[in-house]
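*Asks:* Here you go, one structure.
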Amino acid sequence: MPSRRIVIVSRIFAPEPAAASFRLRALARGLTEQGAEVVVLTTRPPASTTVEPEPYAVRRWPVLRDRYDYVRGIVPYLSFDLPVLLRLLVTRADLVVSEPPPTTGLAVLVSSWLRRRPYVWYAPDIWTTATEKMDVSPLLKRAMRLLETLAARRAAGVLTVSEAMGEELRAVTGVDREKILVAENGIDTDVFRPDGPVAEPGAPYFVYAGSMSEWQGADVLVRALPEVLAVHPEAQLRFLGRGSDIERVEEVARRLAPGSVVFEGLRPAEETAAWTRGAVAALGAVIPGIGYDFTKPTKIYAAAACGTPVIYAGAGVAAQLVERNGLGAVVDHDPHAVAAAMIEALDRAADPARAEENDRLRRERSAWAAEHASLAASGRLAARWLLRGLQR
3 MPSRRIVIVS RIFAPEPAAA SFRLRALARG LTEQGAEVVV LTTRPPASTT
53 VEPEPYAVRR WPVLRDRYDY VRGIVPYLSF DLPVLLRLLV TRADLVVSEP
103 PPTTGLAVLV SSWLRRRPYV WYAPDIWTTA TEKMDVSPLL KRAMRLLETL
153 AARRAAGVLT VSEAMGEELR AVTGVDREKI LVAENGIDTD VFRPDGPVAE
203 PGAPYFVYAG SMSEWQGADV LVRALPEVLA VHPEAQLRFL GRGSDIERVE
253 EVARRLAPGS VVFEGLRPAE ETAAWTRGAV AALGAVIPGI GYDFTKPTKI
303 YAAAACGTPV IYAGAGVAAQ LVERNGLGAV VDHDPHAVAA AMIEALDRAA
353 DPARAEENDR LRRERSAWAA EHASLAASGR LAARWLLRGL QR
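Residue numbers (the working numbering): 3 to 394.
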């Protein structure tokens, strides 16, 4: 049988540091390992990144980015979606895999209909749910629901990253359960591992590595710092990432903890791993009860793979993930609760009597991640499912 040609369409791809980038790279590698010919249609990454060769074709072009080098907003989305629609019309493919946003899904849907070929919708997030919680016009909310519903229901199949995410997608779009494959989210355990360089050995800092969006409420971590600094004045909080809420988080940091919060911006995966590896704890947050309790932030997997404990402010499936697997502490999305957990983590890290226990827990967390959170294994699972679908 001749090799199948799979085209992956995404506005973000490796080496641009983001969960979507590395998840899609794992899929592309998994497909290539199983004999498929893979072509990725994506954007030219920020100038600060280094593009490494891959065993598949990656075609890039420039798009509009914001001042944080992020492709976000209707006009930047369209600066990718309109060219990709034209490229898809002249690109041969047996199957197309589309990453959000739903505007990209529309471009893939239209081109697939015109070219009479199937596509798969990859849904790591539910954009309709996110938009409902944002201060945007009702018209935009209705448009987002319509586009996401079309993208999911017209697809030959849907990939998602957790059972809870799949259930939310079904509730929002009405997509058939039989069309969905859950390929659990994970992390590159070759990069995020307990052994390796440490950014600042012994320094009393916490790390938040990932996006900062309104629904996460990452400012709660900064609001906790005054209480922490009263006990541990040398403590720092380092943010590695970007997002739509970053300016508000920066303003809270300037007002409440000047000099104790560092915004590193986007960092390469290897550097993020070094900061995570050396942290007292990795922090995560999602505001509970606003429709995002079904998410499992990638930062939890990254911390576990490095052996670093997690302090998670939130509820839902992510809280269960942390608690059930001994990955750290779960607290209310409240500054006082977060502060208490941060102080406990600092006390534990500085106590020589607990050093042996800390080392044991670090090994247990990283062993769990190696077994349950390998992004490569998840990519291979998704690849097998896609190729089996083409054989039917």
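Positions of the beta carbon are idealized from the N, C-alpha and C atoms, including for glycine.
1) Helix, strand or coil for residue 45, going by three-state DSSP, please let me know.
2) Between which residues of its own chain and residue 24 is the CB-CB distance below 8 Å, once the five residues before and five after are set aside?
3) With the cut-off set at 7 Å, would you say residue 299 and residue 226 are in Cβ contact?
4) Can you give me the C-alpha to C-alpha distance between residue 315 and residue 288, rounded to a whole angstrom?
5) Buried or exposed: where does residue 393 fall if 16 or more other Cβ atoms within 10 Å of its Cβ makes it buried?
6) At the level of alpha carbons, what is the spacing between residue 79 and residue 14?
7) Just reading off the beta strand (DSSP E) that residue 162 is part of, what are its end residues?
8) Only counting runs of 4 or more residues, tell me where the alpha helix (DSSP H) segments fall wholly within the region 63 to 128, in order along the chain.
9) Spatial neighbours of residue 76 within its chain, please: CB distance less than 8 Å, with the 5 preceding and 5 following residues excluded, ordered by chain position.
10) Would you check if the region 122 to 131 and the region 340 to 349 touch, i.e. whether three or more CB-CB distances between them fall below 8 Å?
11) Bridge partners for residue 1 per DSSP, in chain order?
12) What is the DSSP secondary structure of residue 14, reduced to helix, strand or coil?
13) With burial defined as no fewer than 16 other Cβ atoms inside 10 Å of the residue's Cβ, what is the status of residue 50: buried or exposed?
14) Quick one: what's got a C-beta closer than 7 Å to residue 236's C-beta in the same chain, skipping five residues either side?
15) Would you mind sorting residue 355 into buried or exposed? The rule is 16 or more other CB atoms within 10 Å of its CB.
16) Label residue 52 either buried or exposed according to how many other C-beta atoms from any shown protein chain fall within 10 Å of its C-beta, with 16 as the threshold for buried.
*Replies:* Well, looking at it:
1) strand
2) 16, 189, 190, 271, 377
3) no
4) 7 Å
5) exposed
6) 11 Å
7) 159 to 162
8) 76 to 91, 104 to 117
9) 105
10) no
11) Since the first and last residues shown for the chain are 3 and 394, residue 1 lies out of range.
12) coil
13) exposed
14) 206
15) exposed
16) exposed
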